[in-house]
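For reference, the structure is listed below as structure tokens.
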Amino acid sequence: MTKHLKIILLLFLLSCGQSDQLDQKIIGTWTMEKVYEYENDVTEKHNPAQDRWIEFKSDGTFVSDGQPFGRNTGRWTADNEASILYIDSDVDDDDSEWSVTFDKDLSTWTGIGHPRKENTKLIHKRKE
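Count along the sequence shown from 1, add 58, and you get the number used in the working numbering.
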């Protein structure tokens, strides 16, 4: 294998590994599909108009909107090793931490750091 081909292969492998990182996979717009609290489906309460969404931008900011809570903005960070998403909201007392997993175009967020949030699970779908 030539030196040039080895470099190309190495760059390809490195770029493939990055796509599995939470801070790369989360970028984009996600629509809220389901909300569970204590394993009960409470989507109708938290997303009655089926219009809630969140957009994660590559500059570390986010914006979300939809009924019944309205618009929200702030900053986000990720712990790629632990697959934890940290949301620092501009709205008082709305910061949160989530363990995030991905399955194709779905992301599942499980709350952490607080007993009530630990029993909350959100399912989002990547907007096309």
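Where is the CB? At the ideal position from N, CA and C, for every residue including glycine.
Outcome for residue i when other beta-carbon atoms lying within 10 angstroms are tallied against a minimum of 16
{"i": "G75", "result": "In this prediction, G75 has a pLDDT of 45, which is less than 50 and means its spatial position is unreliable; what the coordinates show is noted afterwards. Under this definition G75 is an exposed residue."}
{"i": "F127", "result": "exposed"}
{"i": "L68", "result": "The pLDDT assigned to L68 is 47, lower than 50, so where the model puts this residue is not dependable; a value taken from the coordinates is nonetheless given after this. With fewer than 16 other Cβ atoms within 10 Å, it is exposed."}
{"i": "N11", "result": "This structure does not reach residue 11, given that the chain is present from 59 up to 186, and the question cannot be answered."}
{"i": "S122", "result": "buried"}
{"i": "L71", "result": "Reliability fails at L71, whose pLDDT of 49 lies under 50, so the model's placement of it is uncertain and the value that follows must be treated cautiously. Exposed, because fewer than 16 other Cβ atoms sit within 10 Å of the Cβ of L71."}
C-beta atoms of residue i and residue j nearer than 8 Å
{"i": "G124", "j": "W134", "result": "no"}
{"i": "L164", "j": "I181", "result": "yes"}
Contacting residues, own chain, Cβ-Cβ under 6 Å from residue i (five flanking each side not counted)
{"i": "Y94", "result": "K179"}
{"i": "T101", "result": "K92, V93"}
{"i": "I85", "result": "F114, S116"}
{"i": "Y144", "result": "T135, E155"}
Member of the options whose CA lies at the smallest distance from the CA of residue i
{"i": "D152", "options": "S141, T166, H172, S165", "result": "H172"}
{"i": "K184", "options": "V149, R110, T168", "result": "Residue identity check: residue 184 is Arg in the sequence provided, not Lys. That would be R110, whose Cα lies nearest to the Cα of R184."}
{"i": "S154", "options": "G86, T131, I85", "result": "T131"}
{"i": "S147", "options": "F160, F114, R174", "result": "F114"}
{"i": "S116", "options": "W167, K83, D78, T168", "result": "K83"}
{"i": "K175", "options": "Y96, V149, F120, D161", "result": "Y96"}
{"i": "M90", "options": "D161, I145, A107", "result": "A107"}
{"i": "Q79", "options": "K103, D99, T159, D150", "result": "T159"}
Cutoff 8 Å; reference residue i; Cβ partners in own chain excluding five residues on either side
{"i": "A140", "result": "S157"}
{"i": "R129", "result": "V121, S122, D123"}
Contact set for residue i: own chain, Cβ-Cβ below 7 Å, skip 5 residues either direction
{"i": "D81", "result": "A136, N138"}
{"i": "T87", "result": "W111, E113, K185"}
{"i": "T168", "result": "W156, S157, K179"}
Ignoring anything shorter than 3 residues or poking outside the stretch 98-164, list the beta strand (DSSP E) runs there in chain order. 111-114, 119-123, 130-137, 142-147, 154-161
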